[in-house]
Amino acid sequence: MNVLNWKNIVLIILSFISIFCLFIFFIIPNNFSKISIPHSSSLPSSPSLSVIEEAEKRAVSRISYTVVADHEINKMKNSSNLEKIEGGLAKSRALIKKHAAAGNEMIDDYVPSGSVYWKPDLFHRSYLVMEKELKIYVYEEGNPPVFHDAPCDGILGMEGIFINDMEISRFRTRDPEEAHLFFLPFSIVSIVHYVYVRETRLWSDMKNTVVDYVNVIAEKYPYWNRSHGADHFMLACHDWGPEISSAIPTLYKNSIRALCNANTSEGFNLTRDVSIPEIYLPHGTTEGLLGGPSPSKRTTLVFFSGGVHGYIRQVLLEHWENKTEDGVKIQKYLSKGQNYYDEVRKSKYCICASGWEVASPRMVEALYMGCVPVLVKDHYAKPFNDVLDWRKFSIDIGLENIPNLKTILMGISQRKYIRLQRNGVQVRKHFVVNLPPKRYDVFHMILHSIWLRRLNTRIHDPHEQP
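Counting in the UniProt record's numbering, the sequence shown runs from 1 upward without gaps.
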């Protein structure tokens, strides 16, 4: 009996030990997780504690954002390529807003700042996201010289410069399925030169060239019909660009048109189209065009030289041509011995008046050489005005104020003039042509404006169920 009792006792003890071990293994850890850790307010003050908390907050926000992004990616695995593209753009929009609201902490060789930008933080972030994400497909159909080529010098040289830069750009993708944008690589300058017959004065052949090209890509690829051209863009510096683009209603109404002739009275759409600067490069580069004397060494108040092209110049020259008033040099033609660029460099203000069309290279020439642009234009959308506040580095004068031109300019204080001039020097980098392109130069600013339009466009595949 005693032996049996001891055996029973041993079994009971072993059972108790087993139950206790299970309790320790399973129950106690759960209780550990419920133990409260004192908040910082109940802990002794520590100079490094707030830094740690801020770092943790940033870490948590990054993790939360990554989880959302991964979730969206997982949700899109079985989606169409278009939905993946649109999802990526939605992520880009969220990223831009998030970082712009928090302030930029990115290390960059150039950080936009100052009053010349509407929202420098937002611009900086959207530019960096563009550099990381943007992919453009350039249609390979078409042969030079009408397609994939254009002159790079002269007053319309921006067409050729952009087309050539786009052909070799790191933003170009060979896979149209991953493209955010599609570039139509025809040159209006070349179409006018090679297709237009001056004797007939007909638009039809030029318009048909563009119509035929769009028909070819629409039949060969699904992308034009999928978006009705909304994720496609063209670029034209020739005055006839807007009219030729009107041959295709979907191109005219839906596509992004990057135009020098950015005239709102001729169908330029401020929310969809992009204004680009007209830049005269005598030798195809900016060599010898950049820089000028300091404000204190500029002896001419205001300068203009140009023919009577359009009603604005006619009014300007009627009031001011060859007037002998001090500091005013407004003339139709340069006198013998005068050099146009020397006159710009000697002047405080330079008149940039519309000719037959609103675009003029004088605006960029003034910025290149440190002269404050005086814009006398009707219905003109200024280049990069989605980013740049032109009021901070230029003067706008309406047609009705041309007779008061000198009075208006003389009424600007020296302090304000110097600020305008220095701001113009600051934004000059955004209008410079570099070969090859450099960050934040005119090529990249054009792309950034197009990128912003694409970010604001949501495309749905018509073949997908809503």
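Note that CB positions come from ideal geometry on N, CA and C, so glycine has one too. Bear in mind that the values here come from a model prediction, so they are computed numbers and not experimental data.
Residue i - partner residues in DSSP beta bridges
| i | result |
| --- | --- |
| residue 467 | Examination of residue 467 is not possible in this model, given that the chain is present from 1 through 466 alone. |
| G154 | L281 |
| T300 | S347 |
| S305 | Q331 |
Beta-carbon proximity of residue i to residue j, cut-off 8 Å
| i | j | result |
| --- | --- | --- |
| L317 | V328 | no |
| R313 | L367 | no |
| V210 | I155 | no |
| L375 | S347 | no |
| P277 | M166 | no |
| Y380 | A262 | yes |
| D149 | L281 | no |
| E343 | F303 | yes |
| I330 | G157 | no |
| I248 | R272 | no |
| G142 | F186 | yes |
| N225 | A218 | yes |
| I459 | D231 | yes |
| M206 | V192 | yes |
| E177 | N81 | yes |
| K135 | F162 | no |
| K382 | S275 | yes |
| D386 | L452 | yes |
| H180 | I85 | yes |
| D239 | E325 | no |
| G355 | G398 | no |
| S305 | L270 | no |
| Y110 | H448 | no |
| T285 | L122 | no |
| L251 | V214 | yes |
For residue i, the three-state DSSP class (helix, strand or coil)
| i | result |
| --- | --- |
| Q331 | strand |
| S115 | coil |
| T209 | helix |
| S449 | helix |
| L316 | helix |
| V344 | helix |
| Y137 | strand |
| R454 | helix |
| Y194 | helix |
| R201 | coil |
| E325 | coil |
| N339 | coil |
| H124 | helix |
| H444 | helix |
| G88 | helix |
| N143 | coil |
| Y311 | helix |
| I459 | coil |
Rounded distance between the beta-carbons of residue j and residue i, thought under 8 Å
| i | j | result |
| --- | --- | --- |
| V189 | E159 | 5 Å |
| V425 | V433 | Incorrect: roughly 17 Å between the Cβ atoms, too far for contact. |
| S92 | E133 | 6 Å |
| F233 | F183 | 6 Å |
| G292 | M369 | 4 Å |
| W320 | L409 | W320 to L409, Cβ: 12 Å. No contact. |
| Y349 | V372 | 5 Å |
| A258 | I418 | Contact flag wrong, Cβ pair sits at about 33 Å. |
| residue 548 | L89 | Since the first and last residues shown for the chain are 1 and 466, residue 548 lies out of range. |
| K392 | N423 | 5 Å |
| C260 | A359 | 4 Å |
| P437 | H444 | 6 Å |
Any C-beta of chain B under 8 Å from that of residue i
| i | result |
| --- | --- |
| E343 | Absent from the structure is chain B; it holds one protein chain and no more. |
(request) Can you check the region 352–440 for any alpha helix (DSSP H) of at least 4 residues that lies completely inside it and give the ranges in chain order? (result) 362–368, 405–410 and 414–427
(request) Please specify which runs of the beta strand (DSSP E), each continuous and at least 3 residues long, are wholly inside the region 221–294, giving them in chain order. (result) 232–236 and 256–259
(message) As an exercise, report each continuous beta strand (DSSP E) stretch of at least 3 residues that is fully enclosed by the region 145–192, in chain order.
(response) 181–183
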